[in-house]
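With the first letter of the sequence shown counted as 1, position 93 gets the number 116 in our numbering; the numbers rise by one all the way through.
Glycine included, each C-beta is placed from N, C-alpha and C at the ideal position.
A quick note: this is a predicted structure, and the numbers were derived from the prediction, not measured.
Just below is one structure, and these are the notes that go with it.
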Amino acid sequence: MNYYTISLIGSPLSEFTYESNLDINIGRVVEVDVRKRVAQGVVISQCNKPDFDTNEILSVSELYYDAKQLALASFISTYYVCSLGDAFGVMVAFDVGTSMHSHVEHGNEVSANHGNEAESTVELSQKQEEALTFLKQHKVSLLFGDTGSGKTEIYMKYFEMMLREKKRSLFLMPEISLTPQMGIRLQEHFGESVVMYHSKLTPKQKKEALKKIRNGDAKIIAGPRSTLFLPIKDLGLIVVDEEHDDSYKSSSRPRYNARDLAIYMGKLHDIPVILGSATPSLGSFVKFPYARLKGGFYSASREFIYERSAEQLSPLILNALKETLDKKEQSIVFLPTRGNFKHLICNSCGHHYECVFCSVGLSIHNKANALKCHYCNFTQAIPQRCSECHSDTLVSSRLGTAEALKSISEEFNDAKVEQFDRDVITTSAKLKKALKRFNDAETDILVGTQMLSKGHDYHGVTLAVVLGMDNMLNMGDYRAREKALASLLQVAGRSGRKKNAKVLVQSFNETFFKTYLGDYEVFLQEEKEYRKELYPPYKKLARILFAHKNGAKARESMDEMKDKLLRFSDVEIVGYGKCGVERIANKYRFEILLRADKSTDLIKAITASKVALAEVDMDPIEFG
24 MNYYTISLIG SPLSEFTYES NLDINIGRVV EVDVRKRVAQ GVVISQCNKP
74 DFDTNEILSV SELYYDAKQL ALASFISTYY VCSLGDAFGV MVAFDVGTSM
124 HSHVEHGNEV SANHGNEAES TVELSQKQEE ALTFLKQHKV SLLFGDTGSG
174 KTEIYMKYFE MMLREKKRSL FLMPEISLTP QMGIRLQEHF GESVVMYHSK
224 LTPKQKKEAL KKIRNGDAKI IAGPRSTLFL PIKDLGLIVV DEEHDDSYKS
274 SSRPRYNARD LAIYMGKLHD IPVILGSATP SLGSFVKFPY ARLKGGFYSA
324 SREFIYERSA EQLSPLILNA LKETLDKKEQ SIVFLPTRGN FKHLICNSCG
374 HHYECVFCSV GLSIHNKANA LKCHYCNFTQ AIPQRCSECH SDTLVSSRLG
424 TAEALKSISE EFNDAKVEQF DRDVITTSAK LKKALKRFND AETDILVGTQ
474 MLSKGHDYHG VTLAVVLGMD NMLNMGDYRA REKALASLLQ VAGRSGRKKN
524 AKVLVQSFNE TFFKTYLGDY EVFLQEEKEY RKELYPPYKK LARILFAHKN
574 GAKARESMDE MKDKLLRFSD VEIVGYGKCG VERIANKYRF EILLRADKST
624 DLIKAITASK VALAEVDMDP IEFG
């Protein structure tokens, strides 16, 4: 009889021991009985007979995780402090039945089908060639290229090289950027060897895509963060586009960041990893060598106009929209998505309130009549007058997309105004149709959130309105400046593609935006100084969450873990208490925020102190 350690797929529980007469390979997926239910598990290791009775493995499936997937699961489990089962839960296994059939004529068939793939049809400029040469010299590198500077052509050229070497490429992009245009562009050039894999596929499409990925027909696999976990043999390159995007971070267990895991996978496979962005995160800018591609962005001229105002559809904005409509041209109206909290701004001088200890914006909690820091819980009463100019015009205005849409539609009865955000654009088909209507000039004004700023091509936009930029700049988040500037750059990049355009920015912080709009690199250099001693990439953060229907139980768990953590002198407890959003799904929520110099110190302290209710968020980006 053989004995095996089994990890249950998708389960937070630790490993179990089962028995079998069969010789089963490590990594094989098996079916086992767990409390009278059949569950899938992964064989982690063979072990000695334990001193308790064991159940028999029910059956051995055709699926298996290879050695690299096992190593990745182990890393996820250790770094993100979760079970191995949680790690396997996000991965897709290989199938013994449809493993790769890489015979020679198959490879030739690809080249023959799609024009002269061997003789490249992607033309690069000298600057792009230099950038590509630079990227090829490094294991991990950053392609820091302005909007419209031609990053995609560089990726495509690299994909061609991989095809010639009979290697496959993984192309990650934020779910929201999986635009129809990108799919069309890749498929026009690489034909059948491209597979787009994402959550909007039907079950039938997903099955078809997986078949091509498993059998090797798919040479370039493009998709959002989940694509990283597909069963790909012969991987030669990983590209993470828009690497700064928050959607690479999972908001449920395991709370991994796909960009960081892509870098770890590059090491596992010993292959290059390219991170691309027009507005890279400070972390990537500091850690990795970068190739800088300028230009493309200001090809048609853009005029920036600043309005010193809190968030509202002001007469200036409505007038600009009217002028654009009269000229039969198109506009986009951008409302930065914010967390669940409002922030206090003086409508006279633009002064805002931040935490004296953490240098992040304070959030309004009306019930408690208080301003509160979501990092360390510092609290102060909501002031009646501005502490800078003593005016009593303190406001916390914030418009929703639907509200803005209604006001604009009422103001301009004849205009065709459309909402463009996640509430309305729920499927791939809806996205295609909305973009087609806009590009065919059937829509006059597009009103939306973050979705507007992603890589969609709008050809005729001559006015971009950016509302309430200060709400974003004053968020209770150490990356608020980075996020606000990146958003403005990306929205501005969607206008003036063909004709000259105006960008109307509502903000009291004209100096800040003006200083850095032309050169994001200068901003990153200065942002380094602000982050040192306090925040990533110079420090490591971890957020521990406790949620329970009984608030007292959640608080007890937090207190118990906090007391255990106090024994670790190299880990600082920044703050603890109720979460900003105190209740979600009828569960009361508490948290602890930790800071340390090294992630190993955090992991050691958390692993030794963890209590049953604790859910760990390493490198958190959410603080509500």
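Burial state of M179, where buried means 16 or more other Cβ atoms lie within 10 Å: Here residue 179 is taken as the residue at index 156 of the sequence shown, counted from 1. By the 10 Å Cβ count, M179 comes out buried.
A631 - containing alpha helix (DSSP H), residue span: Against the sequence shown, residue 631 aligns to sequence position 608. Start and end: S622 to S632.
Residues sharing a beta bridge with H571, DSSP: Within the sequence shown, residue 571 is the residue found at index 548, counting from 1. For H571, which the question treats as bridged, DSSP gives the partners Y611.
Beta bridge counterpart(s) of R618 as assigned by DSSP: Residue 618 sits at position 595 when you count from the first residue of the sequence shown. DSSP, once it has assigned bridges, lists L564 and E595 as partnering R618.
8 Å contact criterion, which K272 and N280 should meet: CB distance rounded: Counted from its first residue, the sequence shown places residue 272 at position 249. Counted from its first residue, the sequence shown places residue 280 at position 257. Contact holds; Cβ gap of about 5 Å.
Integer Cβ distance of G299 from E266, believed to fall under 8 Å: Along the sequence shown, one-based indexing puts residue 299 at 276. Along the sequence shown, one-based indexing puts residue 266 at 243. Rounded, the Cβ-Cβ distance is 6 Å, consistent with contact.
Alpha-carbon spacing of G373 relative to S410, whole angstroms: Position 350 of the sequence shown, counted from the first residue, corresponds to residue 373. Position 387 of the sequence shown, counted from the first residue, corresponds to residue 410. Roughly 11 Å between the two C-alpha positions.
For A524, the nearest candidate out of R612, E352 and K551 (CA to CA): Start at 1 with the first residue of the sequence shown, and residue 524 comes out as number 501. A524 has its Cα closest to that of E352, out of R612, E352 and K551.
Identity of the residue in G541, N78, A62 and I328 nearest Y27 by Cα: Along the sequence shown, read from residue 1 onward, the residue named residue 27 stands at position 4. Out of G541, N78, A62 and I328, N78 has the C-alpha closest to the C-alpha of Y27.
Residue from E433, G171 and R578 whose Cα sits closest to the Cα of K521: Taking the first residue of the sequence shown as 1, we reach residue 521 at position 498. Residue G171 is the option with its Cα nearest to K521.
Three CB pairs or more closer than 8 Å across the region 391-411 and the region 328-348: no
Buried versus exposed, by CB contacts within 10 Å (16 or more), F311: Start at 1 with the first residue of the sequence shown, and residue 311 comes out as number 288. It counts as buried.
Through-space distance from L394 to L557, alpha-carbon basis: Taking the first residue of the sequence shown as 1, we reach residue 557 at position 534. Taking the first residue of the sequence shown as 1, we reach residue 394 at position 371. Computed Cα separation, rounded: 22 Å.
Which of helix, strand or coil DSSP assigns to R325: For the purposes of this step, residue 325 is identified with residue 302 of the sequence shown, where counting begins at 1. It is a strand residue.
Same chain, Cβ closer than 8 Å to H413, five either side skipped, listed in chain order: For this step, residue 413 is matched to residue 390 along the sequence shown. Closer than 8 Å at Cβ, skipping near neighbours: no residue.
Cutoff 7 Å; reference R578; Cβ partners in own chain excluding five residues on either side: The residue labelled residue 578 in the question sits at position 555 within the sequence shown. Same-chain partners within the cutoff: F613.
Segment contact, 8 Å Cβ cut-off, at least three pairs: the region 584-596 with the region 625-634: yes
Contact set for H292: own chain, Cβ-Cβ below 7 Å, skip 5 residues either direction: In the sequence shown, the residue the question calls residue 292 occupies position 269. Cβ neighbours of H292 beyond the five flanking positions: K91 and L258.
Beta strand (DSSP E) runs contained entirely in the region 501-543, provided each spans 3 or more residues: 524-529
Nearest candidate by alpha-carbon position, reference K551, set I236, I177, E505 and A619: For this step, residue 551 is matched to residue 528 along the sequence shown. Checking every option, the nearest Cα to that of K551 belongs to E505.
Neighbourhood of S430 by C-beta, 7 Å cutoff - its chain only, sequence neighbours within 5 removed: Residue numbering aside, residue 430 sits at position 407 when the sequence shown is read from its first letter. Excluding positions up to five away in sequence, the list reads L336.
T250 versus G516: straight-line alpha-carbon distance, rounded: Position 227 of the sequence shown holds residue 250. Position 493 of the sequence shown holds residue 516. If I take the Cα positions, the gap works out to 27 Å.
T175 burial status per 10 Å Cβ neighbour count (16 or more: buried): Mapped onto the sequence shown, residue 175 falls at position 152. So T175 counts as buried.
Spatial neighbours of H221 in its chain, beta-carbon cut-off 7 Å, leaving aside the 5 residues before and after: If you number the sequence shown from 1, residue 221 lands on position 198. These residues qualify, in order along the chain: E198, L201, G246 and P247.
Burial state of A425, where buried means 16 or more other Cβ atoms lie within 10 Å: Working through the sequence shown from its first residue, we reach residue 425 at position 402. Classification for A425: exposed.
First through last residue of the alpha helix (DSSP H) which encompasses S307: For the purposes of this step, residue 307 is taken as residue 284 along the sequence shown, with counting starting at 1. Here the alpha helix (DSSP H) through S307 covers L305 to K310.
Beta-ladder partner(s) of A393, from DSSP: Counted from its first residue, the sequence shown places residue 393 at position 370. Partner(s): H388 and A404.
Distance between D169 and F320 (C-alpha atoms, nearest Å): Here residue 320 corresponds to residue number 297 of the sequence shown, with the count starting at 1. Here residue 169 corresponds to residue number 146 of the sequence shown, with the count starting at 1. Bear in mind that a pLDDT of 47 at F320, under 50, signals an unreliable position, so the number given afterwards is only what the model happens to contain. Taking the straight line from one Cα to the other gives about 6 Å.
Beta bridge counterpart(s) of A62 as assigned by DSSP: Taking the first residue of the sequence shown as position 1, residue 62 is located at position 39. Answer is V55.
Span of the alpha helix (DSSP H), counted from its first residue to its last, around G289: Numbered from its first residue, the sequence shown carries residue 289 at position 266. Residues A281 to H292.
The region 604-620 / the region 464-475 touching (three or more Cβ pairs under 8 Å): no
Endpoints, the beta strand (DSSP E) within which G318 is located: If you number the sequence shown from 1, residue 318 lands on position 295. Where G318 is concerned, there is no enclosing beta strand (DSSP E), given that its DSSP letter is neither H nor E.
Reduced DSSP secondary structure (H/G/I, E/B, other) of R554: Here residue 554 corresponds to residue number 531 of the sequence shown, with the count starting at 1. Residue state, collapsed to three classes: helix.
Chain-order list of residues whose beta-carbon lies under 7 Å from that of I255 (same chain, five-residue window excluded): As a working note, residue 255 is residue 232 in the sequence shown. Cβ within range, chain order: R191, L193, I236 and I244.
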